[in-house]
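Structure, as structure tokens:
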Amino acid sequence: MGSLDANCNASPRGFSPLDIDDFRQQAHQTIEFICEYYKGIESHPVVPRWSPAISAVSSPMLSEVQATVFPGMTHWTNPNFFAYFPATLSSAALCGDLLASALNPVAFNWLSSPAVTELESLTLDWLAQLIRLPKGFLFSAGGGGVLQATTSEAILCTLVAARKMVLERAGHDGADKLVVYASDQTHSTFAKACKIAGIAPANIRIIPTAREDLFSLRPDSLRAAMEADTAGGLLPAYVCATVGTTSSTAVDPVAGLAEAASRFGAWVHVDAAYAGSACVCPEFRHHLDGVDRVDSISMSPHKWLLTGLDCCCLWVRDRARLTTSLSTDPEYLKNRATESGAVVDYKDWQIGTGRRFRALKLFMVMRCYGTANLQSHIGSDVRMARGFEEMVAAEPRFEVVVPRRFALVCFRMRPRRVGADGEAEADAANRRLLEEVNNSGGIYATHTVIGGMYVIRFAVGTTLTQERHVKVAWELFRDKAEAAWEAVQ
Numbered sequence: 001m002g003s004l005d006a007n008c009n010a011s012p013r014g015f016s017p018l019d020i021d022d023f024r025q026q027a028h029q030t031i032e033f034i035c036e037y038y039k040g041i042e043s044h045p046v047v048p049r050w051s052p053a054i055s056a057v058s059s060p061m062l063s064e065v066q067a068t069v070f071p072g073m074t075h076w077t078n079p080n081f082f083a084y085f086p087a088t089l090s091s092a093a094l095c096g097d098l099l100a101s102a103l104n105p106v107a108f109n110w111l112s113s114p115a116v117t118e119l120e121s122l123t124l125d126w127l128a129q130l131i132r133l134p135k136g137f138l139f140s141a142g143g144g145g146v147l148q149a150t151t152s153e154a155i156l157c158t159l160v161a162a163r164k165m166v167l168e169r170a171g172h173d174g175a176d177k178l179v180v181y182a183s184d185q186t187h188s189t190f191a192k193a194c195k196i197a198g199i200a201p202a203n204i205r206i207i208p209t210a211r212e213d214l215f216s217l218r219p220d221s222l223r224a225a226m227e228a229d230t231a232g233g234l235l236p237a238y239v240c241a242t243v244g245t246t247s248s249t250a251v252d253p254v255a256g257l258a259e260a261a262s263r264f265g266a267w268v269h270v271d272a273a274y275a276g277s278a279c280v281c282p283e284f285r286h287h288l289d290g291v292d293r294v295d296s297i298s299m300s301p302h303k304w305l306l307t308g309l310d311c312c313c314l315w316v317r318d319r320a321r322l323t324t325s326l327s328t329d330p331e332y333l334k335n336r337a338t339e340s341g342a343v344v345d346y347k348d349w350q351i352g353t354g355r356r357f358r359a360l361k362l363f364m365v366m367r368c369y370g371t372a373n374l375q376s377h378i379g380s381d382v383r384m385a386r387g388f389e390e391m392v393a394a395e396p397r398f399e400v401v402v403p404r405r406f407a408l409v410c411f412r413m414r415p416r417r418v419g420a421d422g423e424a425e426a427d428a429a430n431r432r433l434l435e436e437v438n439n440s441g442g443i444y445a446t447h448t449v450i451g452g453m454y455v456i457r458f459a460v461g462t463t464l465t466q467e468r469h470v471k472v473a474w475e476l477f478r479d480k481a482e483a484a485w486e487a488v489q
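The structure is reproduced here in structure tokens:
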């Protein structure tokens, strides 16, 4: 990849890192480069055939980027990318990010960039109304929204707020008694947030789910766990419900879980990172029923709402509970606007102080495309996933493991004999099938294990994906199925 110029620290005479003419030329070249990339994206293997290595790049020229960086890229925007959950992008988001980078504000409080703060508050209110969140989550009602980088930060911030709320009520010497709850399908970021927030590992309750419940967390299971902890002198503090789990897009019953938690005064957070975007469509909004009884909810438009990484929305029903747990007031940031209490200082809604102008790209996506186009985008992906599900169901050698709710299909090759040995063989065959499909370079998909079964996940949603890509992907799985069985027998 080249070597670092020995004179890289020298300052050439006339060096101007933001020369307007240079920027105009480089920006035009970069835009053309991006356009050509998207035009020919299907010519790239979805996953690189590349071994990790470290060396220095001697030049930032686009030709060298293409020669040295591209061979090691996994192309998340490739229409044949069906792994994990999608990271969608759009022209509006790209332009918004470009403008935000050009403006480069560090909007930690209102005074540091009033328009950035005001646009973020406005955009979060708009999106809350689009997915029909209760009015209590709007700024006008004492709630409000903030853009975090990822769900990890959203969960950590609300967990810190919950810890403060419960300890103030029970006495600050009870930190070692705090207990938190989630299902065995909850994203791993929950466990990481608990570590950072100082929750004792022994006080993290991971409640089992079952296939007959479609891997949703049962309210009676939560209630029983909280009752047992209370009887043992512990303090239920936080419940993380999920709408659209990562493994199978299971939907926890928000209303029932909120009812169970209300008896114990625990904070209830809803993680709708993936499926929250689907709720712009009326036919999916019922998955958020009961959200009027929770304390916070988060979703990530960078997954399925065309906004590009990173962009996670967090709404709280009582913003004071969040800000009092995270606020700082150093002398060098004091100002009359903050002291008036009439403005929002977003540094008190997050872990760090500095923050990017994320709101601009989300604002531009919503304004440029409007509700109807966003709904059409979601609906198109769901229809393609439904088509894939129907093709799987029509093939006797395969089965859909859990019913599709959104645009993720969880499937596998059926066991060829009953019993534990048959299941073990099926796991090995499905693992081999996925390896062969991914090694072909034609598509990329990933797996999970649910209910003890090795399952292939097929997530439709990349911005450029069309029906023909889905059909070709299915043909690839079907064509390689028999060879996968033969390889493990």
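Using the UniProt record's numbering, the letters of the sequence shown map in sequence onto residues 1 to 489. All C-beta atoms in this analysis are idealised placements derived from N, C-alpha and C, irrespective of residue type, glycine included.
Item to check | Cβ neighbours of leucine 119 in the same chain (closer than 8 Å, five flanking residues each side left out) | outcome: Taking the first residue of the sequence shown as position 1, residue 119 is located at position 119. Hits under 8 Å: Ala359, Leu360, Phe363.
Checklist entry - Cα separation between tyrosine 444 and phenylalanine 284? => result The sequence position of residue 444 within the sequence shown is 444, counting from 1. The sequence position of residue 284 within the sequence shown is 284, counting from 1. If I take the Cα positions, the gap works out to 27 Å.
Item to check | Cβ distance (whole Å) where valine 455 is taken to contact valine 401 below 8 Å | outcome: The sequence position of residue 455 within the sequence shown is 455, counting from 1. The sequence position of residue 401 within the sequence shown is 401, counting from 1. Going by Cβ atoms, the distance from valine 455 to valine 401 rounds to 5 Å, so yes, they are a contact pair.
Checklist entry - From serine 81 to leucine 178, what distance separates their C-alpha atoms? => result In the sequence shown, the residue the question calls residue 81 occupies position 81. In the sequence shown, the residue the question calls residue 178 occupies position 178. The question names serine, but residue 81 is phenylalanine in the sequence shown. Cα to Cα, the separation comes out at about 41 Å.
Next on the checklist: methionine 413 and alanine 394 - do their beta-carbons sit closer together than 8 Å?
Outcome noted: Residue numbering aside, residue 394 sits at position 394 when the sequence shown is read from its first letter. Residue numbering aside, residue 413 sits at position 413 when the sequence shown is read from its first letter. No, the pair does not count as a contact, with Cβ atoms beyond the cut-off.
Next on the checklist: By the DSSP assignment, the beta strand (DSSP E) with phenylalanine 477 in it spans what residues?
Outcome noted: Looking up residue 477 in the sequence shown gives position 477. Where phenylalanine 477 is concerned, there is no enclosing beta strand (DSSP E), although the alpha helix (DSSP H) it sits in stretches over 467-488.
Next on the checklist: With H, G and I counted as helix, E and B as strand and the rest as coil, what does DSSP make of histidine 377?
Outcome noted: Against the sequence shown, residue 377 aligns to sequence position 377. Histidine 377: helix per DSSP, three-state reduction.
Checklist entry - How long is the line joining the alpha carbons of leucine 127 and lysine 480, rounded to whole angstroms? => result In the sequence shown, counting from the first residue as 1, residue 127 sits at position 127. In the sequence shown, counting from the first residue as 1, residue 480 sits at position 480. Spanning the two alpha carbons is a distance of roughly 43 Å.
Checklist entry - Do you know how far the Cα of alanine 182 is from the Cα of alanine 275? => result Here the question's residue 275 lines up with position 275 in the sequence shown. Here the question's residue 182 lines up with position 182 in the sequence shown. Approximately 18 Å between the Cα atoms of the pair.
Next on the checklist: So, at 8 Å on beta carbons, what are the nonlocal neighbours of asparagine 335 in its own chain, with the 5 sequence-adjacent residues on each side left out?
Outcome noted: Residue 335 sits at position 335 when you count from the first residue of the sequence shown. Contacts found: Asn109, Leu111.
Checklist entry - Tell me which same chain residues have a C-beta within less than 8 Å of the C-beta of threonine 189, skipping the five on either side of it? => result Position 189 of the sequence shown, counted from the start, is the residue given in the question as residue 189. Only Thr150, Thr151, Ser152, Ile155 meet the Cβ criterion.
Next on the checklist: Report the CB separation of serine 327 from aspartate 348 in whole angstroms; it is logged as a contact under 8 Å.
Outcome noted: Along the sequence shown, one-based indexing puts residue 327 at 327. Along the sequence shown, one-based indexing puts residue 348 at 348. At roughly 4 Å, the Cβ-Cβ gap stays under 8 Å, so serine 327 and aspartate 348 are in contact.
Next on the checklist: The alpha helix (DSSP H) that contains leucine 98, what's its start and end?
Outcome noted: For the purposes of this step, residue 98 is taken as the residue at position 98 of the sequence shown. Element bounds for leucine 98: 91-103.
Checklist entry - With a cut-off of 8 Å, do at least 3 Cβ pairs link the region 286-301 to the region 261-269? => result yes
Checklist entry - Based on Cα-Cα distance, which residue from Ser113, Leu130, Met165, Leu124 lies nearest to glycine 145? => result Residue mapping note: residue 145 aligns to position 145 of the sequence shown, counting from 1. Among Ser113, Leu130, Met165, Leu124, the Cα nearest to that of glycine 145 is on Leu124.
Checklist entry - When the Cβ atoms of the region 463-470 are set against those of the region 375-391, are three or more pairs found closer than 8 Å? => result yes
Checklist entry - Going straight from the alpha carbon of proline 473 to that of leucine 333, what length do you get? => result On the sequence shown, residue 473 is found 473 positions in, with the first residue counted as 1. On the sequence shown, residue 333 is found 333 positions in, with the first residue counted as 1. The amino acid at residue 473 is misidentified as proline; the sequence shows alanine. Cα to Cα, the separation comes out at about 54 Å.
Checklist entry - With burial defined as no fewer than 16 other Cβ atoms inside 10 Å of the residue's Cβ, what is the status of glycine 251: buried or exposed? => result Locating residue 251 in the sequence shown gives position 251, where the first residue counts as 1. Per the sequence presented here, residue 251 reads as valine, with glycine not at that position. Valine 251 is buried by the Cβ-count criterion.
Next on the checklist: Taking contact to mean 3 or more Cβ pairs, one atom from each stretch, closer than 8 Å, check whether the region 163-177 and the region 231-244 are in contact.
Outcome noted: yes
Item to check | Cβ neighbour criterion (16 or more within 10 Å) applied to tyrosine 38 | outcome: Position 38 of the sequence shown holds residue 38. Label assigned to tyrosine 38: exposed.
Item to check | Where cysteine 157 sits in the DSSP three-state scheme | outcome: As a first step, residue 157 is located in the sequence shown; it is residue number 157 there, counting from the start. It is helical.
Checklist entry - Grouping DSSP H, G and I as helix and E and B as strand, with all else coil, what is glutamate 32? => result For the purposes of this step, residue 32 is identified with residue 32 of the sequence shown, where counting begins at 1. Glutamate 32: helix per DSSP, three-state reduction.
Next on the checklist: Let's see if you can read the secondary structure: which residues bound the alpha helix (DSSP H) around residue 490?
Outcome noted: This structure gives no information on residue 490, because the portion of the chain shown stretches from 1 to 489.
Item to check | Inter-residue Cα distance where the pair is proline 219 and serine 277 | outcome: Within the sequence shown, the letter at position 219 stands for residue 219. Within the sequence shown, the letter at position 277 stands for residue 277. Each residue's alpha carbon lies about 25 Å from the other.
Checklist entry - When we look at the beta-carbon of arginine 416 and count the other beta-carbons within 10 Å, is it buried (16 or more) or exposed? => result Translated into positions along the sequence shown, residue 416 becomes position 416. So arginine 416 counts as exposed.
Checklist entry - Any Cβ of chain B within less than 8 Å of the Cβ of glutamate 259? => result Looking for chain B here will not work: only one protein chain is present.
Checklist entry - According to the neighbour-count rule (16 or more other Cβ atoms, all chains shown, within 10 Å of its Cβ), is serine 91 buried or exposed? => result Within the sequence shown, residue 91 is the residue found at index 91, counting from 1. So serine 91 counts as exposed.
Item to check | Cβ contact (3+ pairs, closer than 8 Å) linking the region 447-454 and the region 203-216 | outcome: yes
Checklist entry - What residue does the beta strand (DSSP E) around arginine 412 start on, and which one ends it? => result Along the sequence shown, one-based indexing puts residue 412 at 412. Note, arginine 412: beta strand (DSSP E), 408-413.
Next on the checklist: If contacts are defined as beta-carbon pairs under 8 Å, then proline 86 and lysine 303 qualify, I think. What distance do you get, rounded to the angstrom?
Outcome noted: Within the sequence shown, residue 86 is the residue found at index 86, counting from 1. Within the sequence shown, residue 303 is the residue found at index 303, counting from 1. Proline 86 to lysine 303, Cβ: 6 Å. Contact.
Checklist entry - Of all the options Ile34, Gly461, His286, which has the alpha carbon lying nearest to the alpha carbon of leucine 305? => result Numbered from its first residue, the sequence shown carries residue 305 at position 305. Considering only alpha carbons, the answer is Gly461.
Checklist entry - So, is histidine 187 buried or exposed, given that buried needs 16 or more other C-beta atoms within 10 angstroms? => result Counting from 1 along the sequence shown, the entry for residue 187 is found at position 187. Per the 10 Å Cβ criterion, buried.
Checklist entry - The alpha helix (DSSP H) spanning alanine 261 covers which residue range? => result For the purposes of this step, residue 261 is identified with residue 261 of the sequence shown, where counting begins at 1. It spans 254-262 - the alpha helix (DSSP H) in which alanine 261 sits, taken as one unbroken run.
Next on the checklist: Going by DSSP in three states, isoleucine 450 sits in which element: helix, strand or coil?
Outcome noted: Counted from its first residue, the sequence shown places residue 450 at position 450. The answer is strand: DSSP assigns isoleucine 450 an E or B state.
Next on the checklist: According to DSSP, simplified to helix, strand and coil, what is phenylalanine 137?
Outcome noted: As a position in the sequence shown, residue 137 is number 137, starting the count at 1. Reduced to three states, the DSSP call for phenylalanine 137 is helix.
Checklist entry - Grouping DSSP H, G and I as helix and E and B as strand, with all else coil, what is glycine 352? => result In the sequence shown, counting from the first residue as 1, residue 352 sits at position 352. Correct three-state label for glycine 352: coil.
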